[in-house]
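For reference, the structure is listed below as structure tokens.
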Amino acid sequence: MRIGYYPGCSLEGSSKEYNDSLFAVAEKCGITLEVIKDWSCCGASAAHNLNHNLALALPARTLALAEKQGLEEIVVPCAACYSRIASTKHEITNNIAAKTKIEGFIELKLSANVKILTVFGFLQKYIFPVVDGHIVNKLNQKAACYYGCLYSRPKEIAAVEQIENPMEMDEVLAKAGATPIDWAFKTECCGAGLSVSRTDIVAKLSGEIIEDAADRGAESIVVACPMCHMNLDMRRPEIKKTLKKDINIPVLFITQALGLSMGIPANKLGLNKHYVPTDKVVNCMVKMEA
Amino acid sequence: MHESIHHHADTLKSHVEDATGVILSHCYQCGKCTAGCPLNEEMDLMPNQILRILQAEMPGYEDKILSSLSIWLCLACDTCYSRCPQEVLLSKVMDYLRQESIRQNKVNPKAKDILKFHRAFLNSVKMNGKLHEVGLTIDYKLRSLNLMQDVMLAPSMAAKGKLSIFPHQVQNTKEIAKIFKKITDSEGEKQ
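Protein chains in written order, with this note's numbering: chain A, 19 to 308; chain B, 381 to 571.
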């Protein structure tokens with residue numbers, strides 16, 4: 019089975035460690051990902067805010083290229099890319115007029131039957147069946163799995179079973195030997211694309227998320243979205259100012275957490291690229307008994 | 381478009397319904413959208429008020445909505461939609477209202493930076509086919525004149541290998557620019 023891969027812009031830039039840790043985990047399990055040739059940006063939040071046709075055309079181009087490459091399934095690890103690509107697929111599948119119009123804009127034919135996998139969908143389908151033999155460490159810590167908006171809403175494209183209390187990432191963390199906690203902010207919004215234009219709002223919303231995780235004893239927060247990661251990690255100085263307290267819980271990508279349990283070195287997983295130090299996470303780990 | 385839309389008057393309300401397929405009268409003002417909205421404290425019009433004003437078409441209502449800050453603060457997180465007993469897809473209405481607010485030149489002054497950021501983002505995609513974060517940041521700073529914002533992040537991001545000075549591009553950037561142009565032309569809209 020060929021598995022297609024759409025990294026998206028963040029994973030080539032500010033969230034490179036998400037890309038690297040995903041590849042490290044896949045490689046260890048002997049799974050190859052095939053990048054969609056000449057993929058382009060999905061348009062993220064900017065396109066749907068400003069132009070509906072563009073918001074459909076940009077992801078549609080990538081879907082068409084995946085089809086041309088003969089890929090039946092693609093992994094999209096960024097939550098925003100997942101949301102835009104899945105929404106586009108949903109709209110062109112249900113609206114034939116929109117499909118024809120978009121095909122005209124991109125000058126490519128579309129059948130839109132490529133299957134789209136989130137990172138936890140991919141882990142569950144391809145990594146879980148083979149991972150047990152590779153797990154050598156127990157993360158041994160309380161982890162707050164943070165899903166944010168884009169995996170859980172809207173329901174038409176939700177990648178999780180229970181939209182108010184998703185468990186898919188929690189299952190991955192349990193596999194890695196962490197204790198996923200029950201908390202209130204699993205699917206609250208971090209402020210997303212307002213990170214630069216309204217940093218104050220992001221500090222407030224992300225601050226509430228960090229505070230609840232801390233109040234419930236979380237030792238790490240685990241995410242599967244570059245935007246959430248940036249807001250919870252890189253915006254920590256603004257968050258601290260807003261909360262008027264110092265909360266130093268590190269924020270990990272889900273593939274970094276799983277990678278650590280597989281004995282992949284922290285630097286190879288890009289843990290050194292974060293703002294909030296991650297040594298505590300590494301220090302909590304214990305070797306599995308043989 | 382939608383069978384259940386009977387009136388086709390040239391009003392904002394009918395345009396919203398035609399463009400989005402959302403039937404505004406479905407909202408019975410329970411207020412769950414506003415209760416769950418993460419941005420409600422920042423908004424000048426609450427989400428349920430936006431729906432109510434559209435439904436009632438009070439005099440001057442179009443300007444009130446199109447020049448509100450709320451439509452630009454909406455993050456399209458879809459918490460409202462997921463909790464709406466009537467399944468009113470408010471985020472789709474918000475997308476339409478933002479676009480209409482630009483077309484009619486009624487963007488709230490306090491939302492100018494938000495719009496500038498979105499524009500800088502799309503400009504980077506139009507030029508490269510992919511988002512170039514460094515290019516986006518510089519473009520946004522020039523547009524918004526927030527020149528000093530986040531400058532302290534640049535050295536640490538560079539040290540962490542999170543910044544690429546040169547953009548990643550698609551093979552043929554003209555192909556992407558052409559998609560932008562075709563869409564703009566088809567809408568007969570000035571950029």
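All C-beta atoms, glycine included, are put in the ideal place defined by N, C-alpha and C.
Non-local C-beta neighbours of B/Ser504 in its own chain, meaning closer than 6 Å and more than five positions away in sequence, comprise Leu511, His512, Gly515 and Leu516, ordered along the chain.
With three or more CB-CB distances shorter than 8 Å, the region 88-103 of chain A counts as touching the region 136-149 of chain A. Close CB contacts of A/Ser279 within its chain, under the 6 Å cut and outside five residues either way in sequence, are with Ile153, Asn155, Leu157, Ala194 and Gly195 (chain order). In the three-state reduction of the DSSP assignment, A/Val304 falls in the strand class.
Here B/Gln466 is exposed: its Cβ has fewer than 16 other Cβ atoms, across all protein chains shown, within 10 Å.
The beta carbon of A/Arg253 is closer than 8 Å to those of Ser213, Thr217, Val220, Ala221 and Ser224 in its chain, skipping five residues each way along the sequence. Below the 7 Å Cβ cutoff, chain B contributes Pro418 as neighbours of A/Leu223, in chain order. Under the Cβ criterion (8 Å, minimum of three pairs), the region 232-247 of chain A counts as touching the region 163-171 of chain A.
At least 9 Å separates the CB of A/Met187 from every CB of chain B.
Of the residues B/Ser524, B/Arg478, B/Gln549 and B/Glu567, the one whose Cα lies closest to the Cα of A/Leu68 is B/Arg478.
Here the alpha carbons of A/Arg20 and A/Lys55 stand approximately 14 Å from one another. Distance from the CA atom of B/Ile433 to the CA atom of B/Leu404, rounded to whole angstroms, is 10 Å. Residues of the region 402-431 of chain B with a Cβ closer than 8 Å to any Cβ of chain A, in chain order: Pro418, Leu419 and Glu422. Taken through DSSP and simplified to helix, strand or coil, A/Gly22 comes out as strand. Its Cα nearest to that of A/Ile267, the residue A/Asp233 stands out among A/Asp233, A/Leu276 and A/Pro244. One finds Gln479 and Ile563 in chain B with Cβ atoms closer than 7 Å to the Cβ of A/Asn69, taken in chain order.
One alpha carbon belongs to A/Tyr24, the other to A/Pro244, and they sit about 14 Å apart. Annotation: Cβ neighbours of A/Val214 in chain B (cutoff 8 Å, chain order): Phe497, Thr517, Tyr520, Gln529 and Asp530. Inter-segment contact for the region 519-526 of chain B and the region 26-44 of chain A is absent: fewer than three beta-carbon pairs are separated by less than 8 Å. Here A/Thr205 is buried, its C-beta having at least 16 other C-beta atoms within 10 Å. Neighbours of B/Lys444 in chain A, taken as residues whose beta carbon is under 9 Å from its own, are absent, since the nearest beta carbon is some 20 Å off.
Sequence-distant partners of A/Gln87 (beyond 5 residues in either direction) whose C-beta falls short of 8 Å from its own C-beta, in its chain, are Gly22, Glu52, Ile54 and Lys55.
Nearest CB-CB separation between A/Met303 and chain B: not below the 9 Å threshold. B/Thr564 sits in a helix when the DSSP states are folded into three classes.
Separation of the CB atoms of A/Ile103 and A/Pro77 is rounded to 4 Å, and the pair is thereby assigned contact status at 8 Å. A/Val190 sits buried, since 16 or more C-beta atoms from the chains shown fall within 10 Å of its C-beta. DSSP, read as helix, strand or coil, puts A/Ser170 in coil. With respect to A/Leu89, A/Val132 sits close: the two C-beta atoms are nearer than 9 Å.
Taking the Cα positions, B/Lys542 is about 11 Å away from A/Asn290. In the DSSP assignment, A/Ser238 falls within the unbroken beta strand (DSSP E) covering Ser238 to Val241. Legend: CB atoms of the region 30-43 of chain A lying less than 9 Å from CB atoms of chain B belong to residues Glu30, Gly31, Ser32, Ser33, Lys34 and Glu35. Close CB contacts of B/Phe501 within its chain, under the 7 Å cut and outside five residues either way in sequence, are with Leu511 and Leu516 (chain order). Contact residues of the region 98-119 of chain A toward chain B are absent (C-beta to C-beta distance below 7 Å). In summary, A/Thr50 is exposed, with fewer than 16 beta-carbon neighbours lying within 10 Å of its beta-carbon over all protein chains present. Rounded to whole angstroms, the Cβ separation of A/Leu250 and A/Val269 is 5 Å, and the two are in contact under 8 Å. Under the DSSP definition of a beta bridge, A/Val269 partners with A/Ile239.
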